[in-house]
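Chemist: Residue numbers (full-length UniProt numbering), protein chains in the order written: chain A, 1 to 152; chain B, 1 to 361.
The beta-carbon is built from N, C-alpha and C at its ideal position, and this holds for glycine as well.
Attaching a single structure in structure tokens format; questions to follow.
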Amino acid sequence: MAFTKKVTLKSSDGELFIIDRAVALQSRTIQYVLEDTNPVDAIIPVPAVDARTLSKVLEYCKKHLIDLNTDFEDYSKWDKDFVDAEVWMLYDLIMAADYLHIPPLIDLICDKIASMFKGQTPDKIREIFNIDNDFSKEEEEDFKKKSGWAFK
Amino acid sequence: MDDAPKLDLISNLPLSIIESILVRLPIREAVRTSILSSKWRYRWSGITDLVFEDDLFLLNDKLKKFITQVLLLHAGPIHKFQITTSNLRICPDIDQWILFLSRNDVKEILLELGECEWFTVPSCLFSCQKLTRLELVRCELHPPLTFKGFLHLKILNLHQVSITCEAIQSLVSSCPLLECLSLSYFDCLALNISAPNLKYLFLEGEFKEICLENTPVLVSVTVAMYMSDDFVENFEQSSSCNFIKFFGGAPHLERLIGHIYFTKGSSNASVSPEVLDLDFWENECPSDCAFKCLQTVKMTDISGLPHEMRFIKFLLENSPILEIMSITPSVYAIEGRIHMVTELLEFRRVSPHAKIKFVLD
Numbered sequence: 001m002a003f004t005k006k007v008t009l010k011s012s013d014g015e016l017f018i019i020d021r022a023v024a025l026q027s028r029t030i031q032y033v034l035e036d037t038n039p040v041d042a043i044i045p046v047p048a049v050d051a052r053t054l055s056k057v058l059e060y061c062k063k064h065l066i067d068l069n070t071d072f073e074d075y076s077k078w079d080k081d082f083v084d085a086e087v088w089m090l091y092d093l094i095m096a097a098d099y100l101h102i103p104p105l106i107d108l109i110c111d112k113i114a115s116m117f118k119g120q121t122p123d124k125i126r127e128i129f130n131i132d133n134d135f136s137k138e139e140e141e142d143f144k145k146k147s148g149w150a151f152k
Numbered sequence: 001m002d003d004a005p006k007l008d009l010i011s012n013l014p015l016s017i018i019e020s021i022l023v024r025l026p027i028r029e030a031v032r033t034s035i036l037s038s039k040w041r042y043r044w045s046g047i048t049d050l051v052f053e054d055d056l057f058l059l060n061d062k063l064k065k066f067i068t069q070v071l072l073l074h075a076g077p078i079h080k081f082q083i084t085t086s087n088l089r090i091c092p093d094i095d096q097w098i099l100f101l102s103r104n105d106v107k108e109i110l111l112e113l114g115e116c117e118w119f120t121v122p123s124c125l126f127s128c129q130k131l132t133r134l135e136l137v138r139c140e141l142h143p144p145l146t147f148k149g150f151l152h153l154k155i156l157n158l159h160q161v162s163i164t165c166e167a168i169q170s171l172v173s174s175c176p177l178l179e180c181l182s183l184s185y186f187d188c189l190a191l192n193i194s195a196p197n198l199k200y201l202f203l204e205g206e207f208k209e210i211c212l213e214n215t216p217v218l219v220s221v222t223v224a225m226y227m228s229d230d231f232v233e234n235f236e237q238s239s240s241c242n243f244i245k246f247f248g249g250a251p252h253l254e255r256l257i258g259h260i261y262f263t264k265g266s267s268n269a270s271v272s273p274e275v276l277d278l279d280f281w282e283n284e285c286p287s288d289c290a291f292k293c294l295q296t297v298k299m300t301d302i303s304g305l306p307h308e309m310r311f312i313k314f315l316l317e318n319s320p321i322l323e324i325m326s327i328t329p330s331v332y333a334i335e336g337r338i339h340m341v342t343e344l345l346e347f348r349r350v351s352p353h354a355k356i357k358f359v360l361d
């Protein structure tokens, strides 16, 4: 069996994840760390991401390693299921993907979040994402009136 | 616990991510996020791609006003400006929008109005010097005499665009970085293409002569030719030089896709093999030209005419790394199919990996 190099990541809450280097390299942030310091057997801290989120991110990275046995359709189905998650999970995931710099994962979650916006009323969007509406009723009406070109 | 304010799960995401989300929404919905809360009021205004597509709520005058307002309120760079909708009639506003964009270093412009709306592209478009992509449908294009070219343009796609042959040739040759050129619904008797960085070429229309004058890095060519009767005759008489010029100018061609629609019926009868110089490939093709990189060939609407078969034979004999030669017979050539297959099987293939695929729908 081919020898595969391993990398150890440490989540913000102290959990260790030992993974293939190729999996870790999908994160540009980690790629830079590895290129710059080339730590042998060292532990790379990931202070912005907790264990629950990190394990989910790594699940994505493992799946998206180029796998010749998986065709394109398999991916899209898997991806769709992957982001079929609660909003707080998507929030944690996209923050982690941003910190770790994994552009395809960011795109995937942005697609999902955008689909949650589509066709919804402002009230519904506020409810889904817990957005606090700090406009007063009057302000909101006034704004709508003045921006008739967008709201009528 | 329940009374504690719930964590806002979106408003505090990095701005770049918020913009990535907003840019995925239809632009009207993106603009309407301005009412969510004070944080959201101007967030949409930074989106770099302004795409106006068909929207039932935005018809003609409303859409016109909407686009103008979006441009007025927009802040920061605009990378892409796209109008692809049948809900907008030609109006002077279009010229003003493009003028606005030309002062904004816009990189991509895509314009397509409804079926009946032919607009004349304003000359200020030619001062959009940062353009990397230009796609226009159903319009008239007259580059001004002073136009020096789009120095950054990589993609040029013109569909049903009225422009003279001279103008298109000079436009193409004055875009030094052009990589992808697509001309469809185009009739131009003789088209010379000179584009040192061109990789992908798509041509659809009536052409009598296509000459790849200077296209050293071209890898993929798709040609769909429509030919009328008188056209066919002319074409065949001059075809030898055409094809030599065609392939001589593309030494790195990897993919060749041809859909050649001869006028069915009458013209087939009028094509007499005597007119054709069937040896022109061997005689005139310079030895170093052609197909050392050619991997994929797809030909559709093949009727089994001698010059077609000769061309296929020539490709098979001169493409050392060919992998696929896909032939789709014309729907009108039902009786000749067996004959065609038999003939194809006899052809020598210089590439050991060459597969011939005979595609029946």
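According to the Cβ coordinates, are Met309 (chain B) and Glu346 (chain B) closer than 7 Å?
Modeler: Here residue 309 (chain B) refers to the residue found at position 309 when the second sequence is read from its first residue. Here residue 346 (chain B) refers to the residue found at position 346 when the second sequence is read from its first residue. Cβ atoms of Met309 (chain B) and Glu346 (chain B): not closer than 7 Å.
Chemist: Listing by chain order, which chain B residues have their CB less than 7 Å from the CB of Phe151 (chain A)?
Modeler: Along the first sequence, read from residue 1 onward, the residue named residue 151 (chain A) stands at position 151. Close to Phe151 (chain A), with beta-carbon spacing below 7 Å, are these residues of chain B in chain order: Arg32.
Chemist: Starting from Gln82 (chain B), follow the alpha helix (DSSP H) in both directions and report where the run begins and ends.
Modeler: Within the second sequence, numbered from 1, the residue matching residue 82 (chain B) stands at position 82. Careful: Gln82 (chain B) lies outside any alpha helix (DSSP H), inside the beta strand (DSSP E) at Lys80 to Thr84.
Chemist: Three-state secondary structure (DSSP) at Asp95 (chain B)?
Modeler: In the second sequence, counting from the first residue as 1, residue 95 (chain B) sits at position 95. Three-state DSSP puts Asp95 (chain B) in a helix.
Chemist: Within the segment 142-181 of chain B, note down every full alpha helix (DSSP H) run reaching 4 residues or more, in order along the chain.
Modeler: Entirely contained in the segment 142-181 of chain B, the alpha helix (DSSP H) runs reaching 4 residues are, in chain order, 165-173.
Chemist: In the DSSP assignment, find the alpha helix (DSSP H) that holds Glu140 (chain B) and state where it starts and stops.
Modeler: Taking the second sequence and counting its residues from 1, the one referred to as residue 140 (chain B) is at position 140. DSSP places Glu140 (chain B) outside any alpha helix (DSSP H); the residue lies instead in the beta strand (DSSP E), whose first and last residues are Arg133 to Glu140.
Chemist: Just the C-alpha distance for Lys56 (chain A) and Val49 (chain A), rounded to the nearest angstrom, thanks.
Modeler: On the first sequence, position 56 is the one that residue 56 (chain A) refers to. On the first sequence, position 49 is the one that residue 49 (chain A) refers to. C-alpha separation (whole angstroms): 11 Å.
Chemist: Leaving out the 5 sequence neighbours to the left and right, which residues in its chain are closer than 8 Å to Glu115 (chain B) when beta-carbon positions are compared?
Modeler: Taking the first residue of the second sequence as 1, we reach residue 115 (chain B) at position 115. Only Ser86 and Arg138 meet the Cβ criterion.
Chemist: Starting from Phe314 (chain B), trace the alpha helix (DSSP H) both ways and give me its first and last residue.
Modeler: By 1-based counting over the second sequence, the position of residue 314 (chain B) is 314. Start and end: Pro306 to Asn318.
Chemist: Can you give me the Cβ contacts of His353 (chain B) inside the same chain, cut-off strictly under 6 Å, excluding the 5 residues immediately before and after it?
Modeler: The sequence position of residue 353 (chain B) within the second sequence is 353, counting from 1. Within the same chain, His353 (chain B) has close Cβ partners Glu323.
Chemist: Could you tell me whether the Cβ atoms of Val87 (chain A) and Ile109 (chain A) are closer together than 7 Å?
Modeler: The sequence position of residue 87 (chain A) within the first sequence is 87, counting from 1. The sequence position of residue 109 (chain A) within the first sequence is 109, counting from 1. With respect to the 7 Å criterion, Val87 (chain A) and Ile109 (chain A) are not classified as neighbours on the basis of their beta carbons.
Chemist: For Phe143 (chain A), which three-state DSSP category applies?
Modeler: Within the first sequence, the letter at position 143 stands for residue 143 (chain A). The answer is helix: DSSP assigns Phe143 (chain A) an H, G or I state.
Chemist: Which parts of the UniProt domain "SKP1 component POZ" (5-64) of chain A are runs of the beta strand (DSSP E), unbroken and 3 residues or longer, counting only runs that do not cross its ends?
Modeler: Complete beta strand (DSSP E) runs here, min 3: 6-11, 16-20 and 43-46.
Chemist: Kindly identify the DSSP beta-bridge partner or partners of Asn192 (chain B).
Modeler: Start at 1 with the first residue of the second sequence, and residue 192 (chain B) comes out as number 192. Note: Asn192 (chain B) sits in a beta bridge opposite B:Cys211.
Chemist: Quick one: give me the first and last residue of the alpha helix (DSSP H) that Pro329 (chain B) is part of.
Modeler: Sequence index remark: in the second sequence, residue 329 (chain B) carries index 329 (1-based). That residue, Pro329 (chain B), is in no alpha helix (DSSP H); its beta strand (DSSP E) goes Ile324 to Pro329.
Chemist: Measuring alpha carbon to alpha carbon, tell me which residue in B:Arg32, B:Leu50, B:Lys80 and B:His74 is nearest Phe57 (chain B).
Modeler: Position 57 of the second sequence, counted from the start, is the residue given in the question as residue 57 (chain B). Taking only the C-alpha atoms, the option nearest Phe57 (chain B) is B:Arg32.
Chemist: So, with DSSP's three-state summary, where would you put Leu88 (chain B)?
Modeler: Counting from one through the second sequence, the residue named residue 88 (chain B) turns up at place 88. Residue state, collapsed to three classes: coil.
Chemist: Does DSSP put Glu29 (chain B) in a helix, a strand or coil?
Modeler: The residue you call residue 29 (chain B) lines up with position 29 of the second sequence. Collapsing the DSSP output to three states places Glu29 (chain B) in a helix.
Chemist: Excluding the 5 residues flanking Leu99 (chain B) on each side, which residues of the same chain have their C-beta closer than 6 Å to its C-beta?
Modeler: Taking the first residue of the second sequence as 1, we reach residue 99 (chain B) at position 99. Cβ within range, chain order: Cys124.
Chemist: Name, going along the chain, the residues of the segment 22-54 of chain A whose beta-carbon falls closer than 7 Å to a beta-carbon of chain B.
Modeler: none
Chemist: Report the neighbours of Trp88 (chain A) on chain B: residues whose CB is nearer than 7 Å to its CB, in chain order.
Modeler: Position 88 of the first sequence, counted from the first residue, corresponds to residue 88 (chain A). Those within 7 Å of Trp88 (chain A) in chain B are Leu9.
Chemist: Can you tell which of B:Ile334, B:Thr84 and B:Glu29 has its C-alpha closest to the C-alpha of Glu53 (chain B)?
Modeler: Translated into positions along the second sequence, residue 53 (chain B) becomes position 53. Selected option, being the one with the closest Cα: B:Thr84.
Chemist: Going by beta-carbon coordinates alone, are Ala250 (chain B) and Thr215 (chain B) separated by less than 7 Å?
Modeler: Here the question's residue 250 (chain B) lines up with position 250 in the second sequence. Here the question's residue 215 (chain B) lines up with position 215 in the second sequence. Contact flag set, yes.
Chemist: What distance in whole Å lies between the Cβ atoms of Leu181 (chain B) and His152 (chain B), which are believed to be in contact at a cut-off of 8 Å?
Modeler: Translated into the one-based positions of the second sequence, residue 152 (chain B) becomes position 152. Translated into the one-based positions of the second sequence, residue 181 (chain B) becomes position 181. Not a contact, Cβ separation roughly 15 Å.
Chemist: How far does the beta strand (DSSP E) with Lys298 (chain B) in it reach, from first residue to last?
Modeler: On the second sequence, position 298 is the one that residue 298 (chain B) refers to. Lys298 (chain B) -> beta strand (DSSP E) spans Thr296 to Ile302.
Chemist: Just the C-alpha distance for Ile113 (chain A) and Phe291 (chain B), rounded to the nearest angstrom, thanks.
Modeler: As a position in the first sequence, residue 113 (chain A) is number 113, starting the count at 1. As a position in the second sequence, residue 291 (chain B) is number 291, starting the count at 1. Rounded to the nearest angstrom, the two C-alpha atoms are 48 Å apart.
Chemist: Do we get a CB-CB distance below 7 Å when we pair Tyr91 (chain A) with the residues of chain B?
Modeler: Against the first sequence, residue 91 (chain A) aligns to sequence position 91. Tyr91 (chain A) has a beta carbon lying within less than 7 Å of a beta carbon in chain B.
Chemist: Which residues in chain B sit within 9 Å of Pro104 (chain A), going by Cβ to Cβ distance?
Modeler: In the first sequence, residue 104 (chain A) corresponds to position 104, counting from 1. The premise fails here: Pro104 (chain A) is roughly 12 Å from chain B at the closest Cβ pair, so nothing lies under 9 Å.
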